[in-house]
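All remarks here apply to the structure that follows.
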Amino acid sequence: MPMTEEEARTKWCPHARQSTDNFTTYNRSESGKVDDSCNCVASDCAAWRWMSAHSADDFDLVDVPGDPIGALVRRRNYEGEARRGFCGAFGKPEA
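Sequential numbering of the sequence shown, starting at 1, is according to full-length UniProt numbering.
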């Protein structure tokens, strides 16, 4: 699911590991509690993928006199919105 980096950093990552004094690693305790160090690191991870700035659904095709193709007009204004991305380790999220 696409989210901001701040949102992603609150999610557990199955690939993150925490080490112990005896050189073993884990990503949650025996009780199932997740250590904050095992959360997503968002764009600091090689698997992080950014969503494109705009999708085709953000535009309307309008008629332009004298132009056989028309023109795209943006429906949404993204000014001031946080950029969104997703974990690409398991493929692209479905819409």
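Don't be surprised by glycine CBs; every beta carbon is placed ideally from N, CA and C.
Item: Cβ-based neighbour list, Lys11, same chain, cut-off 7 angstroms, excluding 5 preceding and 5 following; Value: Asn39 and Cys40
Item: Phe90, buried or exposed, once every other Cβ within 10 Å from all chains shown has been counted against 16; Value: exposed
Item: Assumed close pair Ala8, Ala42 - CB separation to whole angstroms, cut-off 8 angstroms; Value: 4 angstroms
Item: 8 angstroms Cβ cutoff met for Pro93 and Met1; Value: yes
Item: Cys13 - containing beta strand (DSSP E), residue span; Value: Where Cys13 is concerned, there is no enclosing beta strand (DSSP E), given that its DSSP letter is neither H nor E.
Item: Per-residue DSSP class, three states only, for Ser31; Value: coil
Item: Per-residue DSSP class, three states only, for Cys87; Value: strand
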